[in-house]
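One structure is given below, encoded as structure tokens.
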Amino acid sequence: MQLEKWYADYVADDEAHVFYRANLRLGPVTLGHVGALASAGPATGRFVLGSVALPTVDGGTVSWPVDGRDALRWSGAQARVFALHRNADFDLSWNPWVLNGTVNGGARGSARGYVECLRMNFSPWRLGLRVLRWGRFCGARESLAWIEWQGDTALRLLLVNGEPAGLESLSRTEVRSTQGHVLHFEAPRKFGGGPLARYAFGALPGASVLAAARFFRGVQERWLCSARLSTPLRESDAGCAVFEEVHWP
């Protein structure tokens with residue numbers, strides 16, 4: 000199997016807008032998914048037999064297809080590929096294309112946002128995760144992005160303005176780096192989330208039925224909040240954070 004999954008978001012007028020596009024290739028068959036979610040409204044999504052149009056990157060801009068509308072565009076795109084899990088058989092790469100870019104093409108107000116792409120060639124339950132934490136911060140000047148895995152496969156990764164930094168601690172109230180950066184969350188509010196089965200492509204191959212069933216019993220929680228980043232050598236920076244957790248039984 001081959002999965003290419005894109006995620007994008009922006010925050011404007013104190014509301015988050017989240018977008019997904021993905022293609023899953025299973026031998027000769029391809030399944031596509033398009034989804035969207037706003038913190039002030041319900042999620043929408045559809046699955047199709049065949050591929051869907053994926054975002055494109057050109058001249059430092061990510062163009063995101065939107066059905067029936069002009070594409071949304073995130074500025075500041077730069078390839079920065081990280082191998083999250085790799086061995087002789089499995090390959091999972093993460094490319095946070097836009098860590099903190101302005102958004103044009105339909106975004107309301109003054110919007111800044113984030114774009115990433117995941118590529119993997121194996122079923123995600125093979126990682127044996129118990130907890131997944133992910134998030135991003137877009138400030139007026141600074142950016143943070145982080146991933147933490149707990150379970151059979153462990154991972155802790157923090158990017159500060161695109162550069163790897165040590166992740167000292169991570170909670171629902173703050174993120175701390177080993178270099179002295181502290182990101183404080185201010186009154187996080189939940190939006191979206193729920194059982195992973197809502198977003199499932201269906202019965203993917205490559206693992207036991209029990210392993211797949213356990214994976215789709217995972218529950219996702221997602222938050223939006225104002226946040227402030229304190230740094231060792233610069234003035235603090237204010238912006239917005241979107242972060243999530245997934246817990247498996």
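Once you know that position 39 of the sequence shown is 38 in numbering that gives the first Met the number 0, the rest is easy, because the numbers rise by one and skip nothing. Just so it is clear, CB atoms sit at the ideal spot from N, CA and C, and this is done for glycine as well. Keep in mind that this is a model prediction, so the values were computed, not measured.
- Classified as exposed, GLU185 has fewer than 16 neighbouring CB atoms from the shown chains inside 10 Å of its CB.
- Judged by DSSP in its simplified three-state form, PHE18 adopts strand.
- Per DSSP, the continuous beta strand (DSSP E) segment holding GLN1 begins and ends at 1–11.
- With a 10 Å radius around the Cβ and a threshold of 16 neighbouring Cβ atoms, ASN22 comes out buried.
- Annotated three-state conformation of ARG125 is helix, per DSSP.
- When DSSP states are grouped into helix, strand and coil, PHE136 belongs to the strand group.
- With fewer than 16 other CB atoms across the displayed protein chains lying within 10 angstroms of its CB, SER168 is exposed.
- DSSP lists TRP133, ARG221 as the bridge partner or partners of GLU243.
- When C-beta atoms of the region 143–161 are compared with those of the region 119–132, three or more pairs fall below 8 angstroms, so the two segments count as touching.
- Burial of LEU166 is indicated by the presence of at least 16 other C-beta atoms within 10 angstroms of its C-beta.
- For a cut-off of 8 angstroms, the C-beta gap from TYR9 to HIS16 is around 6 angstroms, short enough to register as a contact.
- Distance between ALA164 and THR172, taken at the CA atoms: about 19 angstroms.
- In the structure shown, ALA211 falls within a helical segment according to DSSP collapsed to helix, strand and coil.
- Annotated three-state conformation of LEU232 is coil, per DSSP.
- In the structure shown, LEU53 adopts coil according to DSSP, grouped into three states.
- A straight-line Cα-Cα distance of about 5 angstroms links THR29 and GLY49.
- Per DSSP, the beta-bridge partners of THR29 are ARG24.
- Rounded to whole angstroms, CYS224 and VAL47 show a C-alpha spacing of 33 angstroms.
- Secondary structure remark: continuous alpha helix (DSSP H) runs of at least 4 residues inside the region 41–85: none found.
- Taking C-beta separations shorter than 8 angstroms and ignoring five residues to either side along the sequence, the partners of GLY59 in its chain run SER74, GLY75, ALA76, GLN77, following chain order.
- In the same chain as GLN1, and ignoring 5 residues on each side of it, the C-beta atoms closer than 7 angstroms to its own belong to ARG24, ASN120, in chain order.
- A direct Cα-Cα distance of roughly 33 angstroms separates HIS84 from ASP66.
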